[in-house]
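Comments concern the structure below.
Protein chains: 2
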Amino acid sequence: MSVSFVDVPAGNDFPLQNLPYGVFSTKSNPQKHLCVAIGNYVLDLFGVAHLYPADVQDALRSSTLNLLMSLGYDAWRIVRTRTHELLLKNSQLEHDATLVKKVIIPQKEVEMHLPADVGDYTDFYSSIHHATNVGIMFRGKENALMPNWRHIPVGYHGRASSVVVSGTPIRRPLGQTLPVEGQPPVFGACKLLDFELEMAFFVGGPGNKLGERIPVEEAWKNVFGFTLMNDWSARDIQKWEYVPLGPFTAKNLGTTISPWIIPVAALEPFIVNNYAQDPEVFPYLKHNKSFNFDINLLVSLKPENGEETVICKSNYKHLYWTPMQQIAHHTVTGCNIRPGDLMASGTISGETEDSFGSMLELSWRGTKSVQLNGNLTRKFIQDGDEIIIRGYSERNGLRIGFGECKGKVLPAIPFGK
Amino acid sequence: MSVSFVDVPAGNDFPLQNLPYGVFSTKSNPQKHLCVAIGNYVLDLFGVAHLYPADVQDALRSSTLNLLMSLGYDAWRIVRTRTHELLLKNSQLEHDATLVKKVIIPQKEVEMHLPADVGDYTDFYSSIHHATNVGIMFRGKENALMPNWRHIPVGYHGRASSVVVSGTPIRRPLGQTLPVEGQPPVFGACKLLDFELEMAFFVGGPGNKLGERIPVEEAWKNVFGFTLMNDWSARDIQKWEYVPLGPFTAKNLGTTISPWIIPVAALEPFIVNNYAQDPEVFPYLKHNKSFNFDINLLVSLKPENGEETVICKSNYKHLYWTPMQQIAHHTVTGCNIRPGDLMASGTISGETEDSFGSMLELSWRGTKSVQLNGNLTRKFIQDGDEIIIRGYSERNGLRIGFGECKGKVLPAIPFGK
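Residue numbers (the UniProt record's numbering), protein chains in the order written: chain A, 1 to 417; chain B, 1 to 417.
Right under this line is the structure:
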């Protein structure tokens, strides 16, 4: 395997084969720059933009990834190939010690930001195990999956403004809930705060015009790369508000993504068969290309001043619908998508109980406790708890990691304060 | 009443008391400039920016209204007062004939654009008559209003990318529908294409940070101004897709707004009592300030090569929830709102049958025909039909108009084309 002149410790998320994109700043330079991660360092793309072909330099000097995303997959390949060359042992860059000192920066010295301006954020509901679990809890085993679920990659529009980068604290919200059916609702702090283990991709390419569809077989060209996501959810607020128009304030309290966008090219060795779909889907959703990924996903809960416990082990490959199908469906009525749009998977639950991607499922609606280290238990998330999502693909000694998506829950601010 | 040196014909939408904001370009100058409407002309704000206080000039030289929106209501008042002075008879501007020639441009020579970059678009469901009508049709008279409806200003996240300016054609979408309950769904062109008569406001002010609430009594400071809106809806697609996460592709085929944003200041003479709410709402939704508006709304349908028929006469004042309540609720869980966000009312239906704001209600789910001029009828919208929404407030000889929000339906593009 080719090796970088930048040290990459064994088991590190960011070998030369990964090269995920992010946006960072430092104390000494608060200007946002694009970067790629390499080992425990970042490569400042602003500082090396002059070493790339002229037509991608503007994109590399931007303060967000939107422009690079818009250039499309040919440009992405050119940038990735060149970055790989520059980071190889004995590269032109390695031999320029002054430049190396300027553009190779320890990750512990950088602050990471949202990698792109999110135009629109869409959340799908593509895990059959999650949809089934929720269905059983709320409608019973017989009617678990809605009649439309196996026909439509069900999704809804989320809130773009409240998408934040890993590390941003999340405030426990106030809101309306209905503790007793048939009684009046009450107002107060959310009692059933939850995480949702998700992944999301950023849309790339020029996008489509309003009124045009993106054919499913072409839709992979619109997937720039993947991040980890925690779609924080106020379950008690959600239950009272979501009929008939869907989740609203129960979700827009914050949605956390990891700072690194893993390019699809880095995930190609981990492509697996698409999930077998039954019944057959409509032609506008049918594609031959395999576009499912073997990505291990781990969720930890870390109580304040406590020790972390892994409470969920899942995998991206459990998803029923592919990103290509999600894009084809999103645009089937002519909706235009734009570079920088974020499309999330929905909660990724597997078949086994330890792979459920939310407290709602892990505690089976609060009917049982989730065991933590240090003799602690949880049914939902408490103030001071930190949720940390990690992900990685691994095969034949190659490990492509996603870094961390984390957020700590702060206590609610009482009404009137 | 004070009078402009620019001619304003009787009954015109845009007297000196209106001064709505828009974004325009001309053939000879494709650069987008801000403007206000005055009679049948626009005043190019870029061209007169130097006549305003220094701290608002950058905003007036922008290509969207977002920066002006962000400055807050003190700045809006300063700009509006100065614009009024400049357009008065005998103003400094009138006496500069060279400048007048440059900055007073006939509306028929300009192309109007989206007035702002819409960060997020939220659609509420605030008309009690519309919610009741839809409820009766789908759940019967006894369960017409959902239990949460009188407690929560129900709303959902819409699609920002597909918000377009008046005049943009709308393509009839393809999608999945379920013509026969219990049978498999089918794929094809939407058969029940509809309009929704709505109004929307643009958010202004600096906005709030994630995790902070906007108190209801302060929320008026975040309302920059109002536009007309047509929330195009594919009813057959919507019915099959919307459970459990709400409308998605049935709505993101396009949402049309009028090009003019009417400032709240221009609507102050038309403020009426808020809708009487029963039961009492939670304190976080309670405000003393009257923030409801008497705005007449008209919807016309114009068949291809045919004559226009007014099919709906409604009024903004029928809305149950105020924009201040909508904002307080939107931010109650800590959702951050940003200048340029668009928040729509939901379909504005009145009590009487001729005031229903959608074909769904006017044709009562297709059970009766809507009569048009020229011996035509409609149950839903046909290809070639143009929907035109108009609005105005009128009292004591003062008329504040909204201009037009229009869009023509183009035939579907068959699958595979």
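Idealized CB from N, CA, C, for every residue including glycine.
Being a predicted model, the structure only gives us computed values, none of them experimental.
According to DSSP, residue 150 (chain A) shares a beta bridge with no other residue. Put simply, the backbone Cα of residue 402 (chain B) is about 10 Å away from that of residue 12 (chain B). By the C-beta criterion, the segment 290 to 304 of chain A is judged to be in contact with the segment 389 to 405 of chain A, since at least 3 inter-stretch pairs fall below 8 Å. Interface flag for residue 146 (chain B) against chain A is set, since a Cβ pair is found closer than 9 Å. Contact annotation for residue 312 (chain B) against chain A: no contact, minimum CB-CB distance about 22 Å [criterion: below 8 Å].
For residue 157 (chain B), the uninterrupted beta strand (DSSP E) segment begins and ends at 155 to 157. Residue 398 (chain B) is bridged by DSSP to B:395.
Using beta-carbon distances, residue 119 (chain A) counts as an interface residue toward chain B, with a partner under 9 Å. Nearest C-alpha to residue 312 (chain B) among B:357, B:384, B:136 and B:192: B:357. Below the 9 Å Cβ cutoff, chain A contributes 147, 148, 151, 152 and 282 as neighbours of residue 185 (chain B), in chain order.
As DSSP reads the structure, residue 171 (chain A) sits in a beta bridge with A:410. Taking 3 residues as the minimum length, the beta strand (DSSP E) runs contained wholly in the segment 308 to 371 of chain A are 309 to 315 and 342 to 344, in order along the chain.
In chain order, 151 place their CB closer than 8 Å to the CB of residue 282 (chain B), counting only its own chain and leaving out the 5 sequence neighbours on each side. Setting aside the 5 residues that flank it on each side, residue 359 (chain B) is surrounded in the same chain by 194 and 380, each with a C-beta closer than 6 Å to its C-beta; the list follows chain order. For residue 285 (chain A), the secondary structure class from DSSP, reduced to helix, strand or coil, is helix. Excluding its 5 nearest sequence neighbours in each direction, residue 123 (chain B) has C-beta neighbours in its own chain below 7 Å: 155, 156, 158, 231, 344 and 346, listed in chain order.
Here the segment 10 to 24 of chain A lies against the segment 263 to 280 of chain A, with 3 or more beta-carbon pairs under 8 Å apart.
Between the segment 161 to 179 of chain B and the segment 231 to 241 of chain B there are three or more C-beta pairs closer than 8 Å, enough to call the two in contact. In terms of Cα proximity to residue 209 (chain A), the closest of B:186, B:169, B:106 and B:185 is B:169. Going by beta carbons, residue 192 (chain A) and residue 211 (chain B) fall outside the 9 Å limit. At least one C-beta of chain B is nearer than 9 Å to the C-beta of residue 333 (chain A).
At least one CB of chain B lies nearer than 9 Å to the CB of residue 279 (chain A). The DSSP-derived three-state label of residue 123 (chain A) is strand.
Taking all protein chains in view, the Cβ of residue 385 (chain B) is crowded by 16 or more other Cβ atoms within 10 Å, so the residue is classified as buried. Bounds of the beta strand (DSSP E) holding residue 25 (chain B) are 21 to 26. In the structure shown, residue 1 (chain B) falls within a coil segment according to DSSP collapsed to helix, strand and coil.
About 4 Å separates the CB atoms of residue 116 (chain B) and residue 340 (chain B); that is less than 8 Å, so the two are in contact.
In this structure, A:229 is the residue among A:184, A:180 and A:229 with its C-alpha nearest to the C-alpha of residue 199 (chain A). Check the Cα spacing between residue 333 (chain B) and each of A:334, A:307 and A:253: the tightest is with A:253. Within the segment 221 to 253 of chain A, the residues whose Cβ lies closer than 9 Å to some Cβ of chain B are 234, 237, 240, 241, 242, 243, 244, 245, 246, 247, 248, 249, 250, 251, 252 and 253, listed in chain order. Chain order gives the chain B residues near residue 173 (chain A) as 332, 333 and 334, where near means a beta carbon separation below 8 Å. The beta carbon of residue 206 (chain B) does not come within 9 Å of any beta carbon belonging to chain A, so the residue lies off that interface. Taking a 10 Å sphere around the C-beta of residue 59 (chain A), we find 16 or more other C-beta atoms and assign the residue as buried.
If you draw a straight line from the Cα of residue 276 (chain A) to the Cα of residue 315 (chain A), it comes to about 16 Å. In the three-state scheme derived from DSSP, where H, G and I count as helix and E and B as strand, residue 132 (chain B) is classed as helix. Non-local beta-carbon contacts of residue 292 (chain B) in its own chain, meaning distances under 8 Å to residues more than five positions away in sequence, involve 271, 272, 273, 274, 275, 316, 317, 319 and 322 in chain order.
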